[in-house]
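Residue numbers (the UniProt record's numbering): 1 to 345.
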């Protein structure tokens with residue numbers, strides 16, 4: 001394990017995406033005393049510059065007027081004299097709206113900057129490796145519960161996650177492992193969070209997708225929360241069959257998620273604890289949703305492995321229609337003109 005980093009040895013870190021998750025990632029890194037964080041903010045930039053973040057955290061307590069070491073409103077150019085050691089991505093991965101490699105490219109120093117993906121989805125790493133073939137890529141599907149609104153952050157679910165290397169065939173595995181251990185060591189430095197190193201991060205991405213790839217899309221489409229969709233009959237007609245299909249995709253990809261995994265995942269959280277999944281919250285707000293990385297990529301694996309997924313295929317089609325409505329409302333695509341009623345008769 002990497003030794004403790006102090007003083008002038010602090011690692012320079014850039015966090016791209018300072019909503020709830022990004023802000024709490026910045027807090028954990030700064031409070032380790034082993035990192036100096038630059039946070040990229042957009043809509044909340046002026047508020048945070050003026051007042052800092054007001055944070056109520058289950059792990060870190062109440063923090064008032066909190067700021068990382070630096071706050072900027074766009075991704076900065078890499079300084080050859082002071083390159084970023086780690087670039088952490090916490091912004092949502094929506095290819096229809098943002099091109100992640102293009103966004104982060106100015107700050108990436110080839111052969112030096114390690115890229116860490118705190119994002120949802122399946123097989124989101126290959127496009128990063130393709131764009132930055134000489135940089136280590138770490139993958140960290142997070143389970144943190146944190147929400148930000150104009151500089152105010154509520155962090156109400158413990159910061160814990162698995163983190164591993166997504167192997168780049170052109171890089172030395174020992175070098176990749178050293179970067180993984182150093183980052184986890186820094187993140188755990190605050191003593192109140194849990195970054196857990198694993199050897200095969202793809203298994204844990206499939207494990208998270210079993211919940212995320214079923215409840216998120218189906219709740220977004222029906223606009224029912226996690227408990228309501230089960231209570232009103234969706235558990236046996238949608239949720240369980242959808243999870244069974246996702247288990248089959250993972251298995252075809254070489255990952256056995258366990259014999260009781262559907263029961264384990266579907267009952268966590270229990271029925272009594274209803275909540276609105278993040279994709280449903282985005283629909284509520286009129287924000288575009290992570291269709292492709294959460295469900296589309298999994299179904300592309302299904303096609304490659306010849307796995308039949310009729311329910312998830314239909315879910316994907318309806319989710320794409322929901323996405324089209326959200327994009328059209330933002331003016332990001334042109335909505336077809338509605339025909340007069342007489343033309344439809």
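Glycine included, every Cβ here is placed at the ideal spot set by N, Cα and C.
{"Check": "Of all the alpha helix (DSSP H) runs that stay within the bounds of the region 200-230, which reach a length of 4 or more residues?", "Outcome": "201-212, 215-222 and 226-229"}
{"Check": "Are residue 152 and residue 54 closer than 8 Å when you measure CB to CB?", "Outcome": "yes"}
{"Check": "Given a cut-off of 8 Å on the beta-carbon distance, is the pair residue 220 and residue 322 in contact?", "Outcome": "yes"}
{"Check": "Would you be able to state if there are at least three C-beta pairs under 8 Å between the region 246-253 and the region 290-308?", "Outcome": "yes"}
{"Check": "If we ignore side chains and look at the alpha-carbon of each, how far apart do residue 101 and residue 138 end up?", "Outcome": "15 Å"}
{"Check": "Are residue 99 and residue 133 touching if we call contact CB-CB under 8 Å?", "Outcome": "no"}
{"Check": "Give a yes or no on contact between the region 11-19 and the region 81-97, applying the rule of three or more CB pairs nearer than 8 Å.", "Outcome": "yes"}
{"Check": "In the DSSP assignment, find the unbroken alpha helix (DSSP H) run with residue 180 in it and report its ends.", "Outcome": "173-187"}
{"Check": "Whole angstroms are fine: how far does the CA of residue 72 sit from the CA of residue 95?", "Outcome": "23 Å"}
{"Check": "At a cut of 8 Å, does the region 45-52 reach the region 114-121 through at least three beta carbon pairs?", "Outcome": "no"}
{"Check": "Quick check on this structure: which residue in 314, 187 and 88 has the alpha carbon closest to the alpha carbon of residue 245?", "Outcome": "314"}
{"Check": "Taking C-beta to C-beta, are residue 193 and residue 90 nearer than 8 Å?", "Outcome": "no"}
{"Check": "Return the Cβ separation of residue 292 and residue 279 in integer angstroms, given the expectation that the two are a contact with Cβ distance under 8 Å.", "Outcome": "Between residue 279 and residue 292 the Cβ distance is about 12 Å, and since that is not below 8 Å, they are no contact."}
{"Check": "DSSP state of residue 191, grouped into three classes?", "Outcome": "coil"}
{"Check": "Span of the alpha helix (DSSP H) holding residue 65?", "Outcome": "It is not in any alpha helix (DSSP H) - residue 65 instead sits in the beta strand (DSSP E) that spans 61-66."}
{"Check": "Can you tell me whether residue 331 is buried or exposed? The criterion is at least 16 other CB atoms within 10 Å of its CB, across all chains shown.", "Outcome": "exposed"}
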